[in-house]
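Residue numbers (the numbering used here): 9 to 191.
Glycine is no exception: its CB is placed at the ideal position from the N, C-alpha and C atoms.
I have placed the structure first, in the form of structure tokens, so that the comments after it can refer back to it.
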């Protein structure tokens, strides 16, 4: 029987993970979803930030909550001819709480982007949490990080080298130089 101790402990761990998935899914439904929505609503109200909160439950146990800052004209327009300009639409960014297949919750920031102006920046995953780990102070930190990230996106310049490139993908001059060959 001692030969099977490793296998037995792995099976017990597996069964524990399966039970956790059920518990996490129940917690999302019973309390967490409503907590997230009510806290986000309160933060919008207190801060004066204009946004909408949408809860989507089209796939059970893969539900998500999106706080979206909406879309608008970017102020940039494609010139079609002397009289016609086509405005480029800007999506202002989102904070997303997504229930994963195992009942844990992934928190992501979707950056603003301007349609037809480069590629959207990939979403930033803040973290993945067990439902019991998500409390009001965490939700507030997520919102603060979201606002910080979208503010940095809006205020992009060459002083922030860590920020993703905005606009068209342009190869740097150093990288575009042909290799130097000796003699």
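| query | result |
| --- | --- |
| Residue of 18, 73, 19 minimising C-alpha distance to residue 37 | 73 |
| Secondary structure of residue 136, DSSP reduced to three states | strand |
| Among 71, 99, 79, the one whose alpha carbon lies nearest that of residue 115 | 71 |
| Touch test, the stretch 27-46 against the stretch 77-92, Cβ-Cβ under 8 Å, three pairs minimum | no |
| Bridge partners - residue 85, DSSP secondary structure assignment | 95 |
| Close Cβ partners of residue 31 (< 6 Å) along its chain, the five nearest in sequence each way excluded | none |
| Contact belief for residue 200 with residue 78 at Cβ below 8 Å, rounded distance in angstroms | Examination of residue 200 is not possible in this model, given that the chain is present from 9 through 191 alone. |
| Distance between beta carbons of residue 96 and residue 124, contact taken as under 8 Å | 5 Å |
| Length of the line joining the Cα atoms of residue 161 and residue 94 | 23 Å |
| Opening and closing residue of the beta strand (DSSP E) in which residue 114 lies | 113-118 |
| Separation of residue 20 from residue 113, as counted between CA atoms | 24 Å |
| Distance between residue 159 and residue 148 (C-alpha atoms, nearest Å) | 16 Å |
| Integer-rounded CB distance, given that residue 157 should sit under 8 Å from residue 117 | 5 Å |
| Cβ separation of residue 29 and residue 110, assumed to be a contact under 8 Å, to the nearest whole Å | 5 Å |
| Residues bridged to residue 79 [DSSP beta-bridge criterion] | 99 |
| Straight-line Cα distance separating residue 108 from residue 101 | 21 Å |
| Proximity below 8 Å, CB of residue 153 to CB of residue 136 | no |
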